[in-house]
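Novice: Sharing a structure with you now.
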Amino acid sequence: MATAAPTIPQLFTELDRFGKDRNFEKALKIANKILQEKPDDKEAYHCKVVCLIHQSCFREALDVINSAPKKGVDIELQFEKAYSLYRLNKTQEALNTLNAIEELKEHEKELKAQVDDYGDERETNLAAVIAGAAQWKGMKMDELGLREDTYELCYNSACLLLGENDIEAAEGKLKKAEELCEKSLRDDPDIGEEEFEAEMGIVRVQLAYVYQLQGKNDEAQKLYNQVLKSKPNDLALAAVASNNVITLNKDRDVFDSKKKVKATTADELAHKLTASQQQTMTFNRCLLNFHTNQLEACRNLTSTLEAKYPESDFPCLMRASLLHREKQSAKAVEVLKGLGLGLGLGCRNYAECHEDSAMNVKLTLVQLYLAQGNIGEACSTLRSVKDLAYKPGVVSALVTLYSHIGDVSAAVDILDEAVEHAQKNKDTMRQSEVLSLMRENVSYKLQHGRAKEAVDMLEKLHKEDPTDVKTLAQLIKAYSCVNPKKAESYQNSFSEKLTSLDTSSQDTTLDVDALELSLSASGSRYGRTKAKQEADVEMEDLRQEIIMKRRKRKRKRGKLPKNYNPDVDPDPERWIPKRERSYYKGKRQKKGASVGKGTQGAAAPAEASSSPKTSRSPKPASPPGTPSAGGASANAPRQHQPQAARKKQRPKKKKGGW
């Protein structure tokens with residue numbers, strides 16, 4: 001008896017079972033059986049296409065989808081069609097298919113993001129917007145889970161970390177971006193060397209900026225110069241690198257800075273740089289003019305900056321610096337205080353009109369006041385800086401300055417205010433810092449004879465740490481000046497604390513005698529005398545020992561000259577000057593020294609010109625120290641007149657006579 005053919009519901013049950021088991025080959029056979037029984041079944045048709053896609057038969061799946069209208073199956077499988085086209089590398093056709101869908105579902109949007117060639121660029125731009133908001137606006141953006149598998153995304157992630165002031169993490173991201181950039185662009189035949197250097201330059205300049213923030217100026221300078229040496233076509237990149245090199249040079253290598261500042265003045269940069277970048281570059285140009293003594297250009301640019309950036313403190317500081325350079329410190333102070341700047345009647349000074357940027361102005365005022373010797377005004381101005389007034393360094397500086405001018409009360413007030421502020425703001429300060437301020441307060445008061453004021457602070461310190469012996473000793477000392485009875489009560493507890501100390505933990509190698517002898521002026525006279533005597537004895541012993549060592553020390557023999565001959569007696573005249581020695585001959589005269597001297601046209605002596613040189617036997621040397629016999633005739637030879645020049649003497653006429 002033949003078995004009955006399975007019904008369509010039974011076939012769908014088997015199809016569902018094979019689909020759940022991911023056995024798409026058998027599921028495809030079941031779908032074909034259903035379509036044989038019912039050719040226009042939409043669900044079976046859809047299952048057949050899905051089975052073909054899961055078996056990577058994308059071309060067959062596309063043929064089945066395209067043949068659906070011919071077979072009378074009214075079904076639109078747009079997602080499956082787009083996916084098959086995408087897997088067949090027909091991305092544009094796949095994108096057109098997805099764009100034809102009116103309302104994209106979640107999986108269709110996902111496919112479009114993969115198909116769209118500009119998906120990476122959109123994500124990169126989104127990351128750049130987030131990084132810019134964090135870096136330039138100080139906004140904290142939510143983590144969107146952006147990828148970091150491309151160098152652009154990795155670079156923008158590093159910029160976001162820079163905006164959050166996480167410099168170490170930003171350095172790691174930039175190094176990773178540099179590796180990804182080199183890996184993705186180096187082997188690409190469509191990317192030329194210039195384009196490769198341009199893309200790498202962006203990452204390198206940002207990495208150099210991170211090095212500069214970390215204080216690694218040599219590494220930063222090397223990267224900046226490497227990028228500038230490649231002569232990038234990107235004007236913004238060249239301008240940023242040049243500006244940062246100028247900041248590294250400061251007042252050194254001014255010639256290099258003058259060359260690089262030209263890159264920051266291009267007109268096209270107005271649309272390529274942010275407002276903050278343009279402002280910073282303008283400020284740096286003004287500073288470069290100041291360092292190169294171009295004071296007039298600096299003054300003109302400062303006037304422009306005052307009009308363009310009225311809320312910035314830089315123009316005010318720059319104008320004061322120019323006046324101070326010209327030895328006009330009083331006018332510089334007036335500029336910083338706002339006098340003569342035409343401020344409104346409600347504004348007494350710059351700091352009052354610009355609370356946000358007043359700190360730098362006030363600190364500059366303090367420096368000018370100190371240079372003028374006006375310590376009182378310097379202290380008052382420094383105390384008015386609210387953000388710094390209670391910092392340990394500023395408190396220390398104020399106490400030192402007030403002590404210098406003898407205003408102890410003001411110094412004590414500063415210390416009391418600092419302690420009060422620290423106790424009110426324990427969340428922002430560590431407990432150790434608060435206790436340190438309190439101890440310094442007590443020490444200063446005790447040092448300047450204000451024991452009564454120090455008692456209250458010492459009581460608080462004693463409550464904070466009852467086991468602190470030093471605090472207890474200071475408390476006893478303070479009470480001994482104010483309340484002796486209370487000092488005695490604390491002294492009893494002090495002695496109890498000393499006896500309760502664990503002696504095993506103390507240093508047992510202490511020299512008790514030396515400790516007793518090291519007492520101060522309150523110690524016994526006997527102890528001081530004994531210590532002095534012992535010290536004198538030790539010094540005398542040490543002196544005798546040094547003398548004996550010197551006597552026993554072997555003397556070094558003097559060095560003899562290299563040509564010393566012990567068989568020959570030394571020259572007895574060696575101690576008198578050479579000119580006075582008997583064998584001194586004098587300096588040798590130069591031959592031909594007199595040639596060319598005398599009147600023009602004079603002839604040489606006949607003897608010298610006619611007679612040939614004959615070798616003469618050497619004359620016996622005259623005794624040393626005696627003048628030569630021919631010394632009188634040692635002058636230059638006389639020049640004889642030639643015979644033709646002599647006048648002929650006429651014979652005298654004889655007188656006639658008879």
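Per full-length UniProt numbering, the very first residue in the sequence shown carries number 1; after that it's consecutive. Glycine included, every Cβ here is placed at the ideal spot set by N, Cα and C. These numbers were taken from a predicted model, which means no experiment stands behind them.
How do the region 44 to 52 and the region 25 to 35 stand: do at least 3 beta-carbon pairs fall below 8 angstroms, yes or no?
Specialist: Flag = yes, the region 44 to 52 and the region 25 to 35 touch.
Novice: Any C-beta of chain D sitting closer than 9 angstroms to the C-beta of Y224?
Specialist: Annotation note: the requested chain D is absent from the structure, which comprises a single protein chain.
Novice: Would you kindly report the start and end of the unbroken alpha helix (DSSP H) that includes E225?
Specialist: Numbered from its first residue, the sequence shown carries residue 225 at position 225. Residue identity differs from the one stated: residue 225 is Asn in this sequence, not Glu. Counting along the chain, the unbroken alpha helix (DSSP H) around N225 starts and ends at 217 to 229.
Novice: Taking L72 as the reference, give the member of K562, P39, Y583, Q55 with the closest Cα.
Specialist: Taking the sequence shown and counting its residues from 1, one reaches residue 72 at position 72. With the sequence shown as reference, residue 72 is identified as Gly, and Leu is not the correct amino acid for it. Ranking K562, P39, Y583, Q55 by Cα distance to G72 puts P39 first.
Novice: Hey, is the region 233 to 250 in contact with the region 174 to 185, meaning 3+ C-beta pairs nearer than 8 angstroms?
Specialist: Short answer: they don't touch.
Novice: Can you tell me whether E377 is helix, strand or coil according to DSSP?
Specialist: Start at 1 with the first residue of the sequence shown, and residue 377 comes out as number 377. E377 falls in the helix class under three-state DSSP.
Novice: Can you give me the start and stop residues for the alpha helix (DSSP H) that Q447 sits inside?
Specialist: Start at 1 with the first residue of the sequence shown, and residue 447 comes out as number 447. 431 to 447 is the extent of the alpha helix (DSSP H) around Q447.
Novice: Alpha carbon to alpha carbon, how far is K445 from V366? Give it in angstroms, no decimals.
Specialist: For the purposes of this step, residue 366 is taken as the residue at position 366 of the sequence shown. For the purposes of this step, residue 445 is taken as the residue at position 445 of the sequence shown. Rounded to whole angstroms, V366 to K445 spans 26 angstroms at the Cα level.
Novice: Using C-beta distances below 7 angstroms, list every residue in its chain close to A320, excluding the 5 sequence neighbours before and after it, in chain order.
Specialist: Locating residue 320 in the sequence shown gives position 320, counting from the first residue. Once the five neighbours on either side are set aside, the close Cβ partners of A320 are A332, V335, L336, T364.
Novice: DSSP state of Y83, grouped into three classes?
Specialist: Position 83 of the sequence shown, counting from 1, holds the residue named residue 83. In the three-state reduction of the DSSP assignment, Y83 falls in the helix class, which pools H, G and I.
Novice: Drop a sphere of 10 angstroms on the beta-carbon of E37, count the other beta-carbons inside from all chains shown, and report buried for 16 or more, exposed for fewer.
Specialist: The residue labelled residue 37 in the question sits at position 37 within the sequence shown. Flag for E37 reads exposed.
Novice: If the criterion is Cβ atoms closer than 9 angstroms, does the pair residue 732 and A177 meet it?
Specialist: Any question about residue 732 goes unanswered here, given that the chain covers just 1 to 658.
Novice: Does the structure place the region 250 to 257 close enough to the region 295 to 304 that three or more beta carbon pairs sit under 8 angstroms?
Specialist: no
Novice: Given K173, which residues of its chain have a CB within under 8 angstroms of its CB, disregarding the five upstream and five downstream residues?
Specialist: On the sequence shown, position 173 is the one that residue 173 refers to. Only residues of its own chain outside the window of five on either side were considered, and among them E148, C154, Y155, S157, A158, L161 have a CB closer than 8 angstroms to the CB of K173, listed in chain order.
Novice: Mapping DSSP to helix, strand and coil, what is S384?
Specialist: By one-based count along the sequence shown, residue 384 stands at place 384. Coil.
Novice: Is it buried or exposed, residue 662, if we count other Cβ atoms within 10 angstroms and call 16 or more buried?
Specialist: With the chain covering only 1 through 658, there is no way to say anything about residue 662.
Novice: Could you check if V568 is buried or exposed, using at least 16 other CB atoms within 10 Å of its CB as the buried criterion?
Specialist: Taking the sequence shown and counting its residues from 1, one reaches residue 568 at position 568. Exposed, since its Cβ has fewer than 16 Cβ neighbours within 10 Å.
Novice: Could you name the residues of the same chain whose beta carbon sits closer than 8 angstroms to that of V205, not counting the 5 residues immediately before and after it, in chain order?
Specialist: By 1-based counting over the sequence shown, the position of residue 205 is 205. Taking V205 as the centre and dropping the five residues before and after it, the same chain places the C-beta of L223, Y224, V227, L237, V240, A241, N244 closer than 8 angstroms to its C-beta, in chain order.
Novice: For D313, count neighbouring C-beta atoms within 10 Å of its own C-beta (all shown protein chains included) and say buried if the count is 16 or more, exposed if not.
Specialist: As a working note, residue 313 is residue 313 in the sequence shown. The residue in question, D313, is buried, as its Cβ has 16 or more Cβ neighbours within 10 Å.
Novice: Quick one: using the 10 Å Cβ neighbour count with 16 as the cut-off for buried, is K426 buried or exposed?
Specialist: Walking along the sequence shown from the start, residue 426 turns up at place 426. That one is exposed.
Novice: Does DSSP classify S67 as helix, strand or coil?
Specialist: Looking up residue 67 in the sequence shown gives position 67. In the three-state scheme derived from DSSP, where H, G and I count as helix and E and B as strand, S67 is classed as coil.
Novice: Would E420 pass as a contact of A389 if the rule is Cβ separation under 9 angstroms?
Specialist: Locating residue 420 in the sequence shown gives position 420, where the first residue counts as 1. Locating residue 389 in the sequence shown gives position 389, where the first residue counts as 1. Cβ atoms of E420 and A389: not closer than 9 angstroms.
Novice: Could you have a look at R450 and say whether DSSP puts it in helix, strand or coil?
Specialist: Start at 1 with the first residue of the sequence shown, and residue 450 comes out as number 450. If DSSP states are grouped into helix, strand and coil, R450 belongs with coil.
Novice: Can you tell me whether DSSP reads T97 as helix, strand or coil?
Specialist: Taking the sequence shown and counting its residues from 1, the one referred to as residue 97 is at position 97. If DSSP states are grouped into helix, strand and coil, T97 belongs with the helices.
Novice: Since T265 is in the alpha helix (DSSP H), which residue starts that stretch and which ends it?
Specialist: As a first step, residue 265 must be located in the sequence shown, where it is residue number 265. DSSP places T265 outside any alpha helix (DSSP H), giving it a letter other than H or E.
Novice: R252 to A220, Cα distance in whole Å?
Specialist: Position 252 of the sequence shown holds residue 252. Position 220 of the sequence shown holds residue 220. About 16 angstroms.
Novice: Please report how far the alpha carbon of Q278 lies from the alpha carbon of D267, in whole angstroms.
Specialist: Walking along the sequence shown from the start, residue 278 turns up at place 278. Walking along the sequence shown from the start, residue 267 turns up at place 267. If I take the Cα positions, the gap works out to 11 angstroms.
Novice: Rounded to the nearest angstrom, how far is the Cβ of I414 from that of V395, given a contact under 8 angstroms?
Specialist: One-based indexing of the sequence shown puts residue 414 at position 414. One-based indexing of the sequence shown puts residue 395 at position 395. Yes, they are in contact, since the Cβ atoms of I414 and V395 sit about 6 angstroms apart, within 8 angstroms.
Novice: Straight-line CA distance for A208 to K424?
Specialist: The residue given as residue 208 occupies position 208 in the sequence shown. The residue given as residue 424 occupies position 424 in the sequence shown. The straight-line gap from Cα to Cα measures roughly 42 angstroms.
Novice: Give me the Cα-Cα distance between Q447 and S380, rounded to the nearest whole angstrom.
Specialist: Here the question's residue 447 lines up with position 447 in the sequence shown. Here the question's residue 380 lines up with position 380 in the sequence shown. Cα-Cα distance, rounded: 24 angstroms.
Novice: For L35, which option in P9, E540, K272 has the closest C-alpha, if you only look at C-alpha atoms?
Specialist: Taking the first residue of the sequence shown as 1, we reach residue 35 at position 35. Out of P9, E540, K272, P9 has the C-alpha closest to the C-alpha of L35.
Novice: Does DSSP classify N293 as helix, strand or coil?
Specialist: Here residue 293 refers to the residue found at position 293 of the sequence shown. Three-state result, N293: coil.
Novice: Less than 8 angstroms between C-beta atoms, sequence neighbours within five positions excluded: which residues of the same chain meet that for S329?
Specialist: Stepping through the sequence shown from its first residue, residue 329 is reached at position 329. So the qualifying residues of the chain are L323, L368, A371, Q372.
Novice: Distance check for A358 and V442, CA to CA, integer angstroms please.
Specialist: Your numbering for residue 442 matches position 442 in the sequence shown. Your numbering for residue 358 matches position 358 in the sequence shown. Each residue's alpha carbon lies about 33 angstroms from the other.
Novice: Cα separation between K587 and R579?
Specialist: Residue 587 sits at position 587 when you count from the first residue of the sequence shown. Residue 579 sits at position 579 when you count from the first residue of the sequence shown. Looking at the two C-alpha atoms, the distance is approximately 10 angstroms.
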